[in-house]
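A.B. asks: In the numbering used here, the protein residues as written are 352 to 717. A virtual CB, placed ideally from N, CA and C, is assigned to each residue, including glycine.
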């Protein structure tokens with residue numbers, strides 16, 4: 352049995368609880384979540400009562416059909432050749448949906464993934480449209496066992512690639528050169544893809560949380576932030592370590608120790624039904640003891656799953672609570688303008704009784 356059918360059944364239960372006779376899903380990541388099909392680009396999922404249909408471009412029809420491991424899902428192609436105007440395809444799809452939902456009074460749509468097609472569909476339908484975006488967002492945040500295992504595998508690949516790359520670091524290498532080595536190792540170790548653009552930021556470039564790797568040669572005895580993520584069976588990992596070629600200067604080393612202290616402090620108390628704002632506050636409280644909180648300029652973390660950034664957002668002012676089954680990142684960082692930056696990031700599974708840090712690599716890899 353396709354394990355993703357568990358998620359599809361959750362969607363059907365949501366439909367029942369909200370009195371929805373039909374649902375339209377257009378977000379690629381949501382369709383992967385409910386069907387297991389990787390990258391169903393241009394595909395629309397329509398559920399009418401208990402019948403599930405995937406409307407997919409003709410050029411992707413065979414791949415999508417062969418990826419469906421159950422007869423409970425129908426796959427219907429729509430033509431993309433000869434080429435027609437985009438608006439014509441939209442009108443064709445809207446016409447199909449309108450015919451299928453004829454007589455339906457309540458339709459659910461995930462408005463977090465609104466596009467021109469969904470906009471036009473809503474404008475042309477006369478039935479009651481219900482936004483189920485937040486419901487699906489929360490549904491995806493609580494992982495089934497198989498999803499956690501896919502994430503573990505993605506993280507295992509990332510960690511092994513990171514260690515192999517660190518062992519090959521040598522004087523004269525550039526940031527982009529290290530990116531190439533990291534990504535090759537990830538592919539060689541079984542990654543299906545990259546969760547995001549790999550970050551390797553050294554020296555002054557480490558000041559930027561979302562630094563763009565450059566052709567600059569990495570200088571010895573400077574911090575190197577390495578932030579990478581792997582996709583395995585459509586699920587993502589996200590890990591950051593700060594390393595160096597040689598020894599870190601004393602000032603950088605002290606900041607590194609504080610960042611690790613902040614991370615390990617919140618890892619000790621994070622768990623089920625803890626407010627995410629308290630997790631974020633725990634990191635900032637540690638940093639404030641050393642006068643470094645003003646240099647922490649982003650949120651503490653986020654959920655991870657099919658997308659590398661998912662609900663919940665671990666940030667100030669957010670009153671959401673952690674639930675068993677959530678997989679989150681914790682990634683405190685300090686970025687001192689004109690000088691250097693340090694960031695360390697782990698992935699954590701929230702369990703019924705506490706938490707499990709999924710990472711196996713130690714924090715200090717210098």
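Could you tell me the alpha carbon to alpha carbon distance between residue 459 and residue 593, rounded to whole angstroms?
C.D. replies: 45 angstroms
A.B. asks: Pick from 653, 666 and 660: whose alpha carbon is nearest that of residue 629?
C.D. replies: Cα-wise, what sits closest to residue 629 is 666.
A.B. asks: Report the option in 497, 468 and 408 whose CA atom is closest to the CA atom of residue 357.
C.D. replies: 497
A.B. asks: Between 503, 413, 653 and 424, which lies nearest to residue 430 when the distance is taken from Cα to Cα?
C.D. replies: 413
A.B. asks: Between the Cα of residue 688 and the Cα atoms of 647, 567, 636 and 523, which residue gives the shortest distance?
C.D. replies: Restricting attention to 647, 567, 636 and 523, the CA atom closest to the CA of residue 688 is found in 647.
A.B. asks: Mind checking which residues open and close the alpha helix (DSSP H) that includes residue 706?
C.D. replies: Counting along the chain, residue 706 falls outside any alpha helix (DSSP H), though it belongs to the beta strand (DSSP E) covering 706–708.
A.B. asks: What is the residue span of the alpha helix (DSSP H) that residue 510 lies within?
C.D. replies: 496–519
A.B. asks: So what does DSSP say about residue 592, is it helix, strand or coil?
C.D. replies: strand
A.B. asks: Under the rule that 16 or more other beta-carbon atoms within 10 Å means buried, what is residue 475, buried or exposed?
C.D. replies: Classification of residue 475: exposed, given that the 10 Å Cβ count is below 16.
A.B. asks: Identify whether residue 522 lies in helix, strand or coil by the three-state DSSP scheme.
C.D. replies: coil
A.B. asks: In terms of DSSP beta bridges, what is residue 696 paired with?
C.D. replies: 591
A.B. asks: Could you tell me which residues DSSP pairs with residue 744 in its beta bridges?
C.D. replies: Residue 744 falls outside the range modelled here, since the chain spans only 352 to 717, and no answer is possible.
A.B. asks: Going by CA-CA distance only, name the one from 677, 548 and 393 that's closest to residue 441.
C.D. replies: For the residues 677, 548 and 393, the minimum Cα distance to residue 441 belongs to 393.
A.B. asks: Restricting to runs no shorter than 3 residues, where is the beta strand (DSSP E) found entirely within the region 541–602?
C.D. replies: 550–553, 574–579, 581–583 and 590–595
A.B. asks: Are the CB atoms of residue 703 and residue 672 within a distance shorter than 8 angstroms?
C.D. replies: no
A.B. asks: Pull up the distance between the alpha-carbon of residue 455 and that of residue 461, whole angstroms please.
C.D. replies: Taking C-alpha positions only, residue 455 is separated from residue 461 by approximately 17 angstroms.
A.B. asks: Tell me the rounded alpha-carbon separation between residue 516 and residue 682.
C.D. replies: Their backbone Cα atoms lie some 21 angstroms apart in a straight line.
A.B. asks: Closest to residue 355 by C-alpha separation, out of 574, 581 and 657, would be which residue?
C.D. replies: Comparing Cα-Cα distances from residue 355 to each of 574, 581 and 657, the minimum goes to 657.
A.B. asks: Please name the residue in 380, 541, 553 and 510 whose C-alpha comes closest to that of residue 528.
C.D. replies: Residue 553 is the option with its Cα nearest to residue 528.
A.B. asks: Please name the residue in 391, 483 and 610 whose C-alpha comes closest to that of residue 363.
C.D. replies: 483
A.B. asks: I need the DSSP call for residue 385, collapsed to helix, strand or coil.
C.D. replies: Here residue 385 carries a helix assignment [DSSP, helix/strand/coil].
A.B. asks: State the DSSP-derived secondary structure class of residue 397, mapped to helix, strand or coil.
C.D. replies: strand
A.B. asks: Any contact of the region 607–616 with the region 531–542, i.e. 3+ C-beta pairs under 8 angstroms?
C.D. replies: no
A.B. asks: What's the C-alpha gap between residue 372 and residue 409?
C.D. replies: 28 angstroms
A.B. asks: Taking the beta strand (DSSP E) that residue 404 belongs to, which residues open and close that run?
C.D. replies: 402–408
A.B. asks: Does DSSP put residue 687 in a helix, a strand or coil?
C.D. replies: strand
A.B. asks: Using a Cβ-Cβ cutoff of less than 8 angstroms, which residues in the same chain neighbour residue 715 once the five nearest sequence positions on both sides are dropped?
C.D. replies: 607 and 611
A.B. asks: How many Å lie between residue 478 and residue 404 at the Cα?
C.D. replies: 20 angstroms
A.B. asks: Within this structure, are the beta carbons of residue 451 and residue 397 separated by less than 8 angstroms?
C.D. replies: The answer is yes: Cβ separation under 8 angstroms.
A.B. asks: Can you have a look at residue 711 and say buried or exposed, based on whether 16 or more other CB atoms are within 10 angstroms of its CB?
C.D. replies: exposed
A.B. asks: Assuming residue 572 contacts residue 598 (C-beta within less than 8 angstroms), just tell me the rounded distance between them.
C.D. replies: Confirmed, about 6 angstroms.
A.B. asks: Taking all protein chains shown into account, decide if residue 492 is buried (16 or more other Cβ within 10 angstroms of its Cβ) or exposed.
C.D. replies: buried
A.B. asks: Rank 388, 377 and 359 by C-alpha distance to the C-alpha of residue 583 and give the top, closest one.
C.D. replies: 388
A.B. asks: Considering only their Cβ atoms, is the gap separating residue 654 from residue 662 smaller than 8 angstroms?
C.D. replies: yes
A.B. asks: Can you tell me whether DSSP reads residue 446 as helix, strand or coil?
C.D. replies: DSSP places residue 446 in helix when its eight states are reduced to three.
A.B. asks: Please name the residue or residues paired with residue 425 in a DSSP beta bridge.
C.D. replies: Partner(s): 404.
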